[in-house]
Each structure stands twice: as C-alpha cells, then as structure tokens.
Amino acid sequence: MSEELKPTASNEDQPAQTWFSSWFDTPYYHILYKDRNYREAQVFMDNLTHYLNLPEQAKVLDLACGKGRHSIYLNQLGFDVLGADLSENSIAEASKNTNDTLHFEVHDMREPFEKKYDAIFNLFTSFGYFENEEDNLTTLKAIKESLSEYGFAVIDFMNVTQVLNTLVPEETKTVDGIDFHLKRYLKDGHICKDIIFSDNGQDFHYTEKVKALTLQDFETMMEEAGIYLLDIFGDYKLKKFYKNESERLIMIFK
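Numbered per my numbering, the sequence shown spans residues 50 to 303.
In structure tokens:
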C-alpha cells in the first residue's frame, strides 16, 4: 500500500472518531512516514508544472497539503501558493513558512474556495478516504468550481491494480524506537492498513482506509461532475499509464 496515504483513522481505545480527527493529526503519523522520498516528489512537481506550462506567479492550490513541504517547494518555483488541509496541527506547523506568496489555511476539500486557481494539486493519494462515498464526487465538483476558466487540476492517486498485486500483508517498521506493526488488506472495496504500536506504556491501533478507486471509477465520477479528463500518467516522470504495472494513477483534468 502506498506509504503516503492520509486516510480514515480511529483509535480503538477512544470513542469512534471521524477520519479527519485522529491519525494524521497525531505526531505518530509523521514519525511513521518521515522517510518519504521528497526528492522524488520535487521532481514530480518540476515535471508537472513544466507539462502544464503554468505562467509565472500562477495561483496554485495544494489541496491536502499536510505540513506544507510541497506547497513550500511550489512557492520556490515562483508560484503564488495556498496550502489547505483539514488537520489544524499540520496547518499550524505549515503556517510558520508563510510569506507574501505562500499561505495556509484549514479547509475541508468538499467545500469549494472563493478564489479561483490556475492549478489545483491533490497529491500523494490524498483522496478517497471519506466514509460517505458521495463525498468523493462532492470533492471533484468543489475542485472544478475552484478552478479558473483556463485552470488545470491534478489528482495523483495510487494505481489500485498494481497496489493489490504487490500488497505486503504484514510487516514491522521501526522508526525512532517505535515498532509499527502494519497489516494490509482489501475490505469492502477499501484498501486498509492497520497500524499497531506502543509508546510510553500506551497501546495504539489506527486504521488507514482508502477507497480502491480505479481509473474507470474516476472517469464515471468526472463525467457526472462535468469534468474533462485531459491526460493520464503512470509515474512521477509522467510516463504512460499501464493498468497492471504503473505505480501511480495521475489524472490531469479541467
């Protein structure tokens, strides 16, 4: 399962919580995923902005920006960037980097923005984790409404077929002295990852849960949302998408 998911989460020792109020608002989320390949991510954004031929100082929205690392890089490329995320803790951290052309705000991606953007990026599988599946369509419509007349949007999602073909059912990752026991499986049309660990004498159990959306699923939703799918790529070098082999499902639309 892709290591960059920002999905549904719950702690079994606490009352049931919605996806946005638990796992990726904890420090443990950032500890577990601290070794992500950010250089690869920057190469992806270099390729993406070049492909889209965005003008200097274009207004770019980084939707589900986390702590803002990619928003910061996009800003360094010369764009006027807003990073938006539902995690108040992440936005508080990201906001330390605010400048005249880089801003951050807490925002629910199901809601359109008042401003219009030349490009909207939803990167690293930050889609498909709503309990109500209608919210996925609602999010697509909100993205469409937030685009300028000539704007482009990008969703970078996992390639479900490839993920399921290469799924590692169980493993243990030790990061900062914490043993994270990971279990991955498909359940009710969702790719799930149980994350079980102990720290300071306390036991934790979170579950990531992402809808196993295929290209066909996205095409159906986009048609309903009135979105025009322009191009599809299969990796961060923007190579052709192959259903059974490609690491990513990257969709460019307007």
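Just so you know, even glycine gets a beta-carbon here, dropped at the ideal spot from N, CA and C.
Spatial distance of residue i from residue j (CA atoms)
i      : j      : result
Asn96  : Leu126 : 12 Å
Gly275 : Ile245 : 41 Å
Ile169 : Gly250 : 42 Å
Lys303 : Asp284 : 20 Å
Glu105 : Pro218 : 45 Å
Ser59  : Asp74  : Low local confidence applies: a pLDDT of 40 at Ser59 is under 50, so the model's placement there is unreliable, and no value is given.
Ile305 : Ile227 : Residue 305 cannot be examined here, being either before or after the span of the chain that is shown, 50 to 303.
Glu180 : Tyr199 : 32 Å
Met270 : Leu189 : 8 Å
Leu196 : Ser247 : 44 Å
Residues of its chain near residue i, where Cβ-Cβ distance is below 7 Å and the 5 sequence neighbours each way are ignored
i      : result
Gly132 : Asp111, Cys114, Gly117, Ser120, Ala143, Phe153
Glu268 : Leu278
Thr98  : Leu126
Met50  : Note that Met50 has pLDDT 43, beneath the 50 cutoff, so the model's placement of it is unreliable and the number below is only indicative. Answer for Met50: Val212, Leu216, Arg233, Ile240, Lys242, listed in chain order.
Tyr78  : Trp72
For residue i: DSSP bridge partner residues
i      : result
Asp74  : DSSP, once it has assigned bridges, lists no residue as partnering Asp74.
Ile242 : Reading off the sequence shown, one finds Lys at residue 242, where the question assumed Ile. Paired residue(s): Arg233, Glu257.
Val130 : Val109, Leu151
Asn102 : According to DSSP, Asn102 bridges with nothing at all.
Phe201 : Ala168
Lys222 : Phe229
Phe302 : Ala202, Leu278
Gln251 : Asp248
Leu196 : Tyr166
Helix, strand or coil at residue i according to DSSP, with G and I counted as helix
i      : result
Arg297 : strand
Phe290 : coil
Ile121 : helix
Met207 : strand
Leu213 : helix
Ser136 : coil
Gln63  : Because the pLDDT at Gln63 is just 38, under 50, the model does not fix this residue reliably, and the value given afterwards should be weighed accordingly. It is coil, neither helix nor strand.
Asn181 : coil
Leu264 : helix
Asp95  : helix
Tyr82  : coil
Same chain, Cβ closer than 6 Å to residue i, five either side skipped, listed in chain order
i      : result
Leu151 : Asn124, Val130
Ile281 : Phe290, Met300
Val109 : Leu123, Phe128, Val130, Ala168
Ile140 : Asp134, Phe153, Val155
Phe162 : Ser195
Check: residue i C-beta below 8 Å from any heavy atom of the ligand ZN
i      : result
Asn148 : The ligand ZN is not part of this structure, which contains no ligands at all.
Expected contact under 8 Å - CB spacing of residue i and residue j to nearest Å
i      : j      : result
Ser136 : Tyr255 : So it is not a contact: roughly 14 Å between Cβ atoms.
Leu309 : Met158 : This structure does not reach residue 309, given that the chain is present from 50 up to 303, and the question cannot be answered.
Val203 : Asn171 : 7 Å
Leu287 : Tyr100 : 6 Å
Sequence-distant residues of its chain with Cβ nearer than 8 Å to residue i (five each side left out)
i      : result
Glu61  : Because Glu61 sits at a pLDDT of 41, beneath the cut-off of 50, its placement in the model cannot be relied upon, and the following sentence gives the value as read from the coordinates. Taken in chain order, the residues that qualify are His254.
Asn185 : Phe176, Gly177, Phe179, Lys260, Leu262, Met270
Min CB distance residue i to chain E below 9 Å
i      : result
Asp252 : In the displayed structure, chain E is absent; only one protein chain is listed.
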